[in-house]
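Chemist: If you scroll down you'll find the structure; I have some questions about it.
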Amino acid sequence: MSIRTAEAIDAARAAGRDAALIGYLPAGFPDVDTSIEAAVALARAGADIVEIGLPYSDPGMDGPVIQHAAEQALAGGVRTSDVLRVVEAVAATGAAAVVMTYYNPVLRYGVKSFARDLAAAGGAGLITPDLIPEEAGEWMAASRDHDLDRIFLVAPSSTPERLALTARAASGFVYAASTMGVTGTRATVDSEAKRLVADTKAAGAERVCVGLGVSTAEQAREVASFADGVIVGSALVRSLGADGVAAMASVAGELIAGLSTSEDTSAH
1 MSIRTAEAID
11 AARAAGRDAA
21 LIGYLPAGFP
31 DVDTSIEAAV
41 ALARAGADIV
51 EIGLPYSDPG
61 MDGPVIQHAA
71 EQALAGGVRT
81 SDVLRVVEAV
91 AATGAAAVVM
101 TYYNPVLRYG
111 VKSFARDLAA
121 AGGAGLITPD
131 LIPEEAGEWM
141 AASRDHDLDR
151 IFLVAPSSTP
161 ERLALTARAA
171 SGFVYAASTM
181 GVTGTRATVD
191 SEAKRLVADT
201 KAAGAERVCV
211 GLGVSTAEQA
221 REVASFADGV
231 IVGSALVRSL
241 GADGVAAMAS
251 VAGELIAGLS
261 TSEDTSAH
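At position 173 of the sequence shown the residue is numbered 173 (the UniProt record's numbering), and the sequence of numbers has no breaks.
Below you can see the structure in the form of structure tokens.
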């Protein structure tokens, strides 16, 4: 099993970073073997947590870059078993490996079976953007049985009651969607992100990581000043698709440099 997400975030701070880097790549893009190579390269470049996307035909949260990558992966025949192969390869590097997926594929696979196989592959947990804690009873039980993190989302529109409920239900960290909308690079970090992190912590969350819109080292540094982790997807996926694995790893290195408060930027 890879390390848990909380351990990875704490280790990043111990290594001199203001926050952990959480990098997203979809399994099967541009093909399965390259997606394994890319995810391993991302971990070795220093990403503390690698978020492996399970391609989905009807995404509600993904912007155009990730939607296109998912479409290509699905056209190439990617399967859930391939996602677990990527998890296994990332876990072998020592980085925390989590799967991000809409909940329907988990239901179709079987919630208990998915938890069992994710844990067996070395996975640390699951991010579920369309699953709310009130409807997550089966997943809550299965994740406890297999010692997996439950990572739920909050948004700028979340009420104080919703933030408290999510903080109690989550383990590892809470994913703060910094803006209302879909994933994708943006020119600036939404001003709501800092308030959302503070409110989520005040509601009881120990670790809060920010995603949606971060694509540059400057943005990563800004988010790291108030969050425990910085989640980057579209910038990595775009670089991988346009210029290959080495270029994607270079982008990851630039982002990690933006998170460092000391000279220690050692990779896994």
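Here a beta-carbon is modelled for each residue, glycine too, at the ideal position from N, C-alpha and C.
Being a predicted model, the structure only gives us computed values, none of them experimental.
Using a Cβ-Cβ cutoff of less than 6 angstroms, which residues in the same chain neighbour I3 once the five nearest sequence positions on both sides are dropped?
Modeler: A96
Chemist: Assign T159 to buried or exposed, taking buried as 16 or more other Cβ atoms, counted over all protein chains shown, within 10 Å of its Cβ.
Modeler: Looking at its Cβ environment, which holds fewer than 16 other Cβ atoms inside 10 Å, T159 is exposed.
Chemist: Is the CB-CB distance between D62 and I22 below 8 angstroms?
Modeler: no
Chemist: Measuring straight from C-alpha to C-alpha, what distance separates S191 and T80?
Modeler: Rounded to the nearest angstrom, the gap between the Cα atoms of S191 and T80 is 36 angstroms.
Chemist: Taking only runs of the alpha helix (DSSP H) that begin and end inside the region 174-261, which ones reach a length of at least 4 residues, in chain order?
Modeler: Along the region 174-261, the alpha helix (DSSP H) occurs as fully enclosed runs of 4 or more residues at 192-202, 217-224, 234-243 and 245-259, listed in sequence order.
Chemist: For a test of the three-state rule: what should DSSP assign to A38, helix, strand or coil?
Modeler: Note: A38 maps to helix in three-state DSSP.
Chemist: Taking C-beta to C-beta, are G125 and D82 nearer than 8 angstroms?
Modeler: no
Chemist: Are the CB atoms of V87 and L118 within a distance shorter than 8 angstroms?
Modeler: yes
Chemist: Quick one: grab the DSSP three-state call for D147.
Modeler: D147: coil per DSSP, three-state reduction.
Chemist: Would you mind stating whether P129 and L153 have Cβ atoms separated by less than 8 angstroms?
Modeler: yes
Chemist: Distance check for V106 and D31, CA to CA, integer angstroms please.
Modeler: 22 angstroms
Chemist: Excluding sequence positions up to five away, which residues of its chain have a Cβ less than 8 angstroms from the Cβ of E218?
Modeler: G258
Chemist: Please return the same chain residues whose Cβ sits closer than 8 angstroms to the Cβ of R221, not counting the five positions on each side in sequence.
Modeler: D18, G258 and L259
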